[in-house]
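Residue numbers (the UniProt record's numbering): 1 to 154.
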Amino acid sequence: MGHWLMKSEPDVFGIDHLAARPGHTEPWDGVRNYQARNMMRDQMQPGDQAFFYHSNCAEPGIVGLMEVAAPARPDPTAFDPEAKYFDPKSDPENPRWYLVDMRLLRHLARKITLAELRAYADGPLADLPLLRRGNRLSIMPVTLAQWDFILSLE
DNA sequence: GCCAACGTTGGC
DNA sequence: GCCAACGTTGGC
Numbered sequence: 001m002g003h004w005l006m007k008s009e010p011d012v013f014g015i016d017h018l019a020a021r022p023g024h025t026e027p028w029d030g031v032r033n034y035q036a037r038n039m040m041r042d043q044m045q046p047g048d049q050a051f052f053y054h055s056n057c058a059e060p061g062i063v064g065l066m067e068v069a070a071p072a073r074p075d076p077t078a079f080d081p082e083a084k085y086f087d088p089k090s091d092p093e094n095p096r097w098y099l100v101d102m103r104l105l106r107h108l109a110r111k112i113t114l115a116e117l118r119a120y121a122d123g124p125l126a127d128l129p130l131l132r133r134g135n136r137l138s139i140m141p142v143t144l145a146q147w148d149f150i151l152s153l154e
């Protein structure tokens with residue numbers, strides 16, 4: 001089973017938005033980065049778990065746990081001229097963008113902030129992409145050791 | 001709001 | 001294939 005970290009801006013789609021969805025499940029659409037797409041399309045499997053990370057907000061951090069609810073599929077918003085993330089170069093016959101459906105497992109008992117994670121950047125979290133300078137990946141792999149360590153902070 | 005870092009685009 | 005220009009991300 002794989003482990004991941006997925007960013008979302010709480011003002012746009014935060015953990016409470018996910019909690020309010022039917023089945024606590026939502027298509028993780030709008031990802032328009034090839035590295036992130038490749039991870040969703042090629043590596044993420046149903047049952048994989050992911051941290052829900054709030055980005056671009058006053059206190060960024062991990063706020064919940066999710067699981068992959070269904071295998072990757074083409075992102076339909078790429079085909080919709082009305083959609084914010086419409087991409088005319090994505091052809092339904094040869095889709096450019098993919099998504100996975102994510103289900104909320106639970107909120108964390110407390111937010112584990114980016115500042116707190118940084119305290120371990122020279123230790124157990126040395127290789128966590130989130131802590132690398134200039135990191136902009138919205139989806140990234142987390143090793144089992146990193147996963148367990150972060151959860152132990154809760 | 002600022003701005004560093006990064007990915008993408010497109011001219012050549 | 002190079003690389004400058006541009007747009008976006010995201011912490012602060």
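Cβ atoms here follow ideal geometry from the backbone N, Cα and C, with glycine treated the same way. Computed from a predicted model, the values in this text were never measured in an experiment.
Quickly, what does DSSP pair residue i with across the bridge? List them, please.
i, result
"S8", "H54"
"P141", "W4"
"D91", "N94"
In three-state terms, what does DSSP make of residue i?
i, result
"G23", "helix"
"M40", "helix"
"Y120", "coil"
"Y98", "strand"
"T113", "strand"
"L104", "strand"
"Q35", "helix"
"P129", "helix"
"D29", "coil"
Starting from residue i and walking both ways along the alpha helix (DSSP H), at which residues does that stretch end?
i, result
"L151", "L144 to L153"
Could you give the first and the last residue of the continuous beta strand (DSSP E) run that contains residue i?
i, result
"L65", "G61 to P74"
"P81", "Careful: P81 lies outside any beta strand (DSSP E) and carries neither H nor E."
query: Does the region 108-123 come close enough to the region 53-60 to have 3 or more Cβ pairs within less than 8 angstroms?
result: Three or more pairs of CB atoms, one per stretch, sit closer than 8 angstroms, so the region 108-123 contacts the region 53-60.
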